[in-house]
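Right, one structure below, let's go through it.
Numbering (mature numbering (1 follows the signal peptide of the UniProt record, and there is no 0)), first residue to last: -20 to -1, 1 to 257.
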């Protein structure tokens, strides 16, 4: 569309919006009346520009004062975390044969007993059973970190900060001494769920085996004994109830979170659905 026609369209369209209605607009502006009565008619460029300027002035708000502030250090309560992030994942990820109770919990009783030992094995110099309590003392860490659902809904609510504490994953890796060609790390949960990531990915950011959230044991806070939290990473990779960590060399290592193969899709949750009666 030419500049002249664009300005004419702006003048005509804007006049219709700015006034109480098309008739009020036409009465206030004879030029707009001509366009309404004869859509193919044209206006001098100067008239169109004056019309556009008038519309802009009518919409302007004078004497606006104030400030805009935000705080990324605000922490979500454990109740909010449970409701916004953990409860929806139960609906989306639970085995249909198990089902969901009305409160969002699995109908089958979930094992919430403490996990005291994590097996570390694979392509490493030293395989060992890591005592969670020992590593909490040897390599403690406490950070404020973000947790965001991989399919964050349009309102952005499935995103929160929490004060997490536990121990550094790096301490386990240091003790295990991975082989030089190791490129993959796999976290296996108590229920058999597995998360595989590039080894370099977890060593290049904050990677924490979390055992407490907002000062409360993870088991009572969010219903799991421990959980992997990763800096700048979607929570889809946050394995829960980890019982083993395996470090291996893979010919085709997994893609990093956020790569095209496993891209985060903000504002996309359930794409389609159906119901049976």
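The beta carbon of each residue, even a glycine, is placed where N, CA and C say it ideally should be. All figures in this text were calculated on a predicted structure; none of them were measured in a lab.
Residue i burial status per 10 Å Cβ neighbour count (16 or more: buried)
{"i": "residue 239", "result": "exposed"}
{"i": "residue 103", "result": "buried"}
{"i": "residue 173", "result": "exposed"}
{"i": "residue 211", "result": "exposed"}
{"i": "residue 237", "result": "buried"}
{"i": "residue 128", "result": "buried"}
{"i": "residue 146", "result": "buried"}
{"i": "residue 120", "result": "exposed"}
{"i": "residue 218", "result": "buried"}
{"i": "residue 185", "result": "exposed"}
{"i": "residue 202", "result": "buried"}
{"i": "residue 183", "result": "exposed"}
{"i": "residue 53", "result": "exposed"}
{"i": "residue 115", "result": "buried"}
Spatial distance of residue i from residue j (CA atoms)
{"i": "residue 187", "j": "residue 231", "result": "24 Å"}
{"i": "residue 158", "j": "residue 46", "result": "55 Å"}
{"i": "residue 153", "j": "residue 214", "result": "22 Å"}
{"i": "residue 180", "j": "residue 208", "result": "16 Å"}
{"i": "residue 118", "j": "residue 108", "result": "16 Å"}
{"i": "residue 168", "j": "residue 175", "result": "7 Å"}
{"i": "residue 143", "j": "residue 189", "result": "13 Å"}
{"i": "residue 61", "j": "residue 30", "result": "54 Å"}
{"i": "residue 233", "j": "residue 223", "result": "22 Å"}
{"i": "residue 148", "j": "residue 44", "result": "49 Å"}
{"i": "residue 160", "j": "residue 178", "result": "14 Å"}
{"i": "residue 123", "j": "residue 170", "result": "25 Å"}
{"i": "residue 49", "j": "residue 196", "result": "30 Å"}
{"i": "residue 113", "j": "residue 138", "result": "31 Å"}
Backbone secondary structure at residue i - three-state DSSP
{"i": "residue 31", "result": "helix"}
{"i": "residue 213", "result": "coil"}
{"i": "residue 98", "result": "strand"}
{"i": "residue 167", "result": "strand"}
{"i": "residue 218", "result": "coil"}
{"i": "residue 150", "result": "helix"}
{"i": "residue 49", "result": "coil"}
{"i": "residue 196", "result": "strand"}
{"i": "residue 236", "result": "coil"}
{"i": "residue 201", "result": "helix"}
{"i": "residue 54", "result": "coil"}
{"i": "residue 143", "result": "strand"}
CB-CB length for residue i against residue j, believed under 8 Å
{"i": "residue 163", "j": "residue 95", "result": "So it is not a contact: roughly 26 Å between Cβ atoms."}
{"i": "residue 111", "j": "residue 97", "result": "6 Å"}
{"i": "residue 156", "j": "residue 106", "result": "6 Å"}
{"i": "residue 141", "j": "residue 58", "result": "Not confirmed; about 12 Å, so no contact."}
{"i": "residue 64", "j": "residue 165", "result": "Their Cβ separation, rounded to whole angstroms, is 28 Å, which puts residue 64 and residue 165 out of contact at 8 Å."}
Endpoints, beta strand (DSSP E) assigned at residue i
{"i": "residue 224", "result": "222 to 228"}
{"i": "residue 127", "result": "120 to 128"}
Start and end residues, alpha helix (DSSP H) containing residue i
{"i": "residue 58", "result": "58 to 61"}
{"i": "residue 108", "result": "Not the alpha helix (DSSP H): residue 108 falls in the beta strand (DSSP E), residues 108 to 111."}
{"i": "residue 182", "result": "179 to 183"}
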